[in-house]
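Report on the following structure.
Protein chains: 2
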Amino acid sequence: MIRIGLMGYGNLSRGVEAAIKNCDDLELVAVFTRRNPDSVKIKTENVPVLSESEIEAWKDKIDVLVLGGGSATDLPEQTPKYAKLFNVVDSFDTHARIPEHYANVEAAAKSAGKLGVISIGWDPGLFSLLRMISTAILPEGNNYTFWGRGVSQGHSDAVRRIEGVVDARQYTIPVDSSVDAVRSGSNPTLTTRQKHTRECFVVAEDGADLARIEREIKEMPNYFDEYDTTVNFISAEEMERDHKGLPHGGFVIRSGQTSEGTNHIVEFNLKLDSNPEFTGAVIAAYARAAYRLNSEGATGCKSIFDIPAAYLSPLSGEELRKSLL
Amino acid sequence: MIRIGLMGYGNLSRGVEAAIKNCDDLELVAVFTRRNPDSVKIKTENVPVLSESEIEAWKDKIDVLVLGGGSATDLPEQTPKYAKLFNVVDSFDTHARIPEHYANVEAAAKSAGKLGVISIGWDPGLFSLLRMISTAILPEGNNYTFWGRGVSQGHSDAVRRIEGVVDARQYTIPVDSSVDAVRSGSNPTLTTRQKHTRECFVVAEDGADLARIEREIKEMPNYFDEYDTTVNFISAEEMERDHKGLPHGGFVIRSGQTSEGTNHIVEFNLKLDSNPEFTGAVIAAYARAAYRLNSEGATGCKSIFDIPAAYLSPLSGEELRKSLL
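Going down the list, the sequences are from chains Y and X.
Sequential numbering of the first sequence, starting at 4, is according to the working numbering.
Sequential numbering of the second sequence, starting at 4, is according to the working numbering.
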């Protein structure tokens, strides 16, 4: 059994917990939190919830520590810190800071003889892998990434910060006609507005100025101003009934030529009932890989580009070749 | 420059040749043939076409030998044989014999300090990779593979062997309603007939018994009897005009659950103007990987499951993390 620890117990960690239940070779052994451990109820029986300050005592009792924190402040600090004690996996997604994060984790993990796997999930993660592979295979061509239909947590939060908004959910939606154009192999150049629309469901305070809220959403720089946005005001009951889940998905398309007039479309497509549960399942598979690679002597930092697929599966190489090749 | 040799000069080798032209770090240095070398005209200038018997003299002048032969008789013999002299890549696709082929190539390549990469292309190949990864991520679920719309060379050949048939082209076509059912997440159980239909275009001899030809096609065991098949008789001119290309494609779908009622669809989808050119492009990328892995000391046999994606790209790890992660 590969012993997994979870740092934090937000949506993502709960997704990893659900994934572990589906894996016979993975076992959740401890959850660490910055909150009062007594206030955190987890879904797995007989697994302790502990204060983050107690983690060092678990150095030899955890094979892989999964870091469920956020990319803005948690992971830049936590991933290098804990890579000195454990094999770690994170879902670091601040694109511009990946080189710096990689360097920090590489130094920490290398010196400790541990392995750190960063930026795991579906984007960054599986989408990156497919972009990379299809670009290597079709060097002459274009990459297109579409997200949705799905809930963007960042955009939902941004709407919630507007005065008079009680709750909000924002869906990112790919524009069908643009997707069709890409799939046709016409290699279009698409603006931000042509690729996605944004749809908001908003619960407003009684008596709030709805026209102002709608205007503030649609004109919000970076988040909404470059998109065609629809705003729907709904009741708290409708929000609870219709928008509880966190579905997401999207697709990466490479459209490329091998010779004059010969075009190929490579598409990777996800349709997810639950973004955190799927992301957690990806992380669980890479936690398995981290443990196995480190057991064979690999140390330092790795991204999804560096890990052979065979390490993700509990099956042996022989079984994989026989059943899935 | 990575120096590539081609064994054979059929459709697949020509696809690899086209791919090499798109790669600044790959160079075609020689083509070997069992035919009279003078009878083989290749598309790359100043590259020699030589008899297979001369290959040993090229031992130190080729970094990777691509084996373009067939899986029935060529590759079981050639891949182990040439893995004693070169790093090799093949597209071995006889599923039942992969374990045996792997063992033979492993022994030959290992003893010679070379690397052999087997079963590269899109199925086996990229489809296998996606099946494997998505199965590891979603252990509870089902895999579905659909092929087409595309030309099946084997089925076209089978029709051509019928008395009275001058030429034939067979298209494999996924059944839309079944594909939709899979994509909906309903996890259907599908029979062979429910997954694909077959469409034949046949040029018959003057005066041939068309009803008999159509009956013989539709009742042909293994090839057609388990499918709904359409037969269209056309002229030689129509065949030349409308069916010259070798388009293909298909998709691998994993439909799996992470918890009760929470389903995810992972789809990998190819739409290829030319099956051999795309397959050749995949092989070219894995030839790059074979050379780089062997340069770092890796020897023996590897499948697509064993090779980190980073090795497929001419970009450095740093460049990949910065631009594609």
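Yeah, the Cβ is synthetic: ideal placement off N, Cα and C, and Gly gets one too.
On the three-state DSSP scale, how would you describe residue i?
{"i": "residue 323 (chain Y)", "result": "helix"}
{"i": "residue 177 (chain Y)", "result": "strand"}
{"i": "residue 10 (chain X)", "result": "strand"}
{"i": "residue 124 (chain Y)", "result": "coil"}
{"i": "residue 303 (chain X)", "result": "strand"}
{"i": "residue 30 (chain X)", "result": "strand"}
{"i": "residue 37 (chain Y)", "result": "coil"}
{"i": "residue 281 (chain Y)", "result": "helix"}
{"i": "residue 24 (chain Y)", "result": "helix"}
{"i": "residue 72 (chain Y)", "result": "coil"}
{"i": "residue 5 (chain X)", "result": "strand"}
{"i": "residue 297 (chain Y)", "result": "helix"}
{"i": "residue 113 (chain Y)", "result": "helix"}
{"i": "residue 43 (chain X)", "result": "coil"}
{"i": "residue 3 (chain X)", "result": "Absent from the model: residue 3 (chain X). The displayed extent of chain X is 4 to 328, so no value can be given."}
{"i": "residue 119 (chain Y)", "result": "strand"}
{"i": "residue 275 (chain Y)", "result": "strand"}
Whole angstroms is fine: what's the gap from residue i's alpha carbon to residue j's?
{"i": "residue 262 (chain X)", "j": "residue 23 (chain Y)", "result": "11 angstroms"}
{"i": "residue 182 (chain Y)", "j": "residue 16 (chain Y)", "result": "33 angstroms"}
{"i": "residue 199 (chain X)", "j": "residue 205 (chain X)", "result": "19 angstroms"}
{"i": "residue 38 (chain X)", "j": "residue 272 (chain Y)", "result": "44 angstroms"}
{"i": "residue 40 (chain Y)", "j": "residue 52 (chain Y)", "result": "6 angstroms"}
{"i": "residue 108 (chain X)", "j": "residue 96 (chain Y)", "result": "40 angstroms"}
{"i": "residue 71 (chain Y)", "j": "residue 14 (chain Y)", "result": "8 angstroms"}
{"i": "residue 45 (chain Y)", "j": "residue 328 (chain X)", "result": "32 angstroms"}
{"i": "residue 292 (chain X)", "j": "residue 310 (chain X)", "result": "8 angstroms"}
{"i": "residue 304 (chain Y)", "j": "residue 281 (chain X)", "result": "33 angstroms"}
{"i": "residue 185 (chain X)", "j": "residue 8 (chain Y)", "result": "35 angstroms"}
{"i": "residue 306 (chain Y)", "j": "residue 119 (chain Y)", "result": "9 angstroms"}
{"i": "residue 170 (chain X)", "j": "residue 172 (chain Y)", "result": "59 angstroms"}
{"i": "residue 100 (chain Y)", "j": "residue 290 (chain Y)", "result": "22 angstroms"}
{"i": "residue 257 (chain X)", "j": "residue 195 (chain Y)", "result": "30 angstroms"}
{"i": "residue 32 (chain X)", "j": "residue 78 (chain X)", "result": "21 angstroms"}
{"i": "residue 285 (chain Y)", "j": "residue 42 (chain X)", "result": "52 angstroms"}
{"i": "residue 82 (chain Y)", "j": "residue 279 (chain Y)", "result": "19 angstroms"}
{"i": "residue 178 (chain X)", "j": "residue 197 (chain X)", "result": "7 angstroms"}
{"i": "residue 229 (chain Y)", "j": "residue 229 (chain X)", "result": "53 angstroms"}
{"i": "residue 260 (chain Y)", "j": "residue 188 (chain Y)", "result": "9 angstroms"}
{"i": "residue 201 (chain Y)", "j": "residue 222 (chain X)", "result": "53 angstroms"}
{"i": "residue 137 (chain X)", "j": "residue 255 (chain X)", "result": "10 angstroms"}
{"i": "residue 323 (chain Y)", "j": "residue 287 (chain Y)", "result": "19 angstroms"}
{"i": "residue 251 (chain Y)", "j": "residue 251 (chain X)", "result": "30 angstroms"}
{"i": "residue 298 (chain X)", "j": "residue 27 (chain Y)", "result": "37 angstroms"}
{"i": "residue 276 (chain Y)", "j": "residue 191 (chain X)", "result": "18 angstroms"}
{"i": "residue 162 (chain X)", "j": "residue 242 (chain X)", "result": "14 angstroms"}
Length-filtered (4 minimum) alpha helix (DSSP H) runs lying within the segment 192 to 269 of chain X:
Runs of the alpha helix (DSSP H) inside the segment 192 to 269 of chain X: 195 to 198, 213 to 221 and 239 to 245.
If the cut-off is 8 angstroms on Cβ atoms, which residues from the segment 296 to 313 of chain X count as contacting chain Y, listed in chain order?
Of all residues in the segment 296 to 313 of chain X, 306, 307, 308, 309, 310, 311, 312 and 313 have a Cβ within less than 8 angstroms of some Cβ in chain Y.
Taking beta-carbon pairs under 7 angstroms, can you tell me which members of the segment 22 to 56 of chain X lie near chain Y?
Across the segment 22 to 56 of chain X, CB contacts with chain Y closer than 7 angstroms involve 22, 25 and 26, in sequence order along the chain.
Three or more C-beta pairs under 8 angstroms: does that hold for the segment 98 to 118 of chain X against the segment 146 to 164 of chain X?
With the cut-off at 8 angstroms, the segment 98 to 118 of chain X and the segment 146 to 164 of chain X do not touch.
Chain-ordered residues of the segment 135 to 162 of chain Y with a beta carbon less than 7 angstroms from chain X:
Listed by position, the residues of the segment 135 to 162 of chain Y near chain X (Cβ gap below 7 angstroms) are 135, 136, 138, 139, 140, 141, 142 and 143.
Segments assigned alpha helix (DSSP H), at least 4 residues, entirely inside the segment 127 to 180 of chain Y:
Counting only unbroken stretches of 4 or more residues, the alpha helix (DSSP H) elements lying wholly within the segment 127 to 180 of chain Y are 129 to 140 and 156 to 163, in sequence order.
May I ask you to verify whether the segment 306 to 321 of chain Y touches the segment 52 to 65 of chain X, counting CB pairs closer than 8 angstroms and requiring at least 3?
With the rule of 3 Cβ pairs closer than 8 angstroms, the segment 306 to 321 of chain Y does not count as touching the segment 52 to 65 of chain X.
By the 9 angstroms beta-carbon criterion, what residues does the segment 236 to 255 of chain X contribute toward chain Y?
Within the segment 236 to 255 of chain X, the residues whose Cβ lies closer than 9 angstroms to some Cβ of chain Y are 248, 252 and 254, listed in chain order.
Please go through the segment 82 to 110 of chain X and give each complete beta strand (DSSP E) segment of 3 or more residues, from N-terminal end onward.
Counting whole runs of 3 or more residues, the segment 82 to 110 of chain X contains the beta strand (DSSP E) stretches 90 to 92.
Can you pull out the residues from the segment 200 to 231 of chain X whose beta carbon lies closer than 9 angstroms to at least one beta carbon of chain Y?
Correct list: empty, as no residue qualifies.
Three CB pairs or more closer than 8 angstroms across the segment 230 to 238 of chain Y and the segment 205 to 218 of chain Y
Taking 8 angstroms as the limit for Cβ pairs, the verdict is that the segment 205 to 218 of chain Y does touch the segment 230 to 238 of chain Y.
According to a CB-to-CB cut-off of less than 7 angstroms, which residues of the segment 256 to 272 of chain Y neighbour chain X?
Listed in sequence order: 261, 262, 265, 266, 267, 268, 269, 270, 271 and 272.
Cβ-based contacts, 8 angstroms cut-off: residues of the segment 97 to 116 of chain Y near chain X
Correct list: 98, 101, 102 and 105.
For the segment 65 to 86 of chain Y, which residues have a beta carbon sitting closer than 8 angstroms to at least one beta carbon of chain X?
Answer set for the segment 65 to 86 of chain Y: empty.
May I ask you to list, following chain order, the residues of the segment 165 to 193 of chain X that have a beta carbon less than 9 angstroms from some beta carbon of chain Y?
Cβ contacts with chain Y come from 186 and 188.
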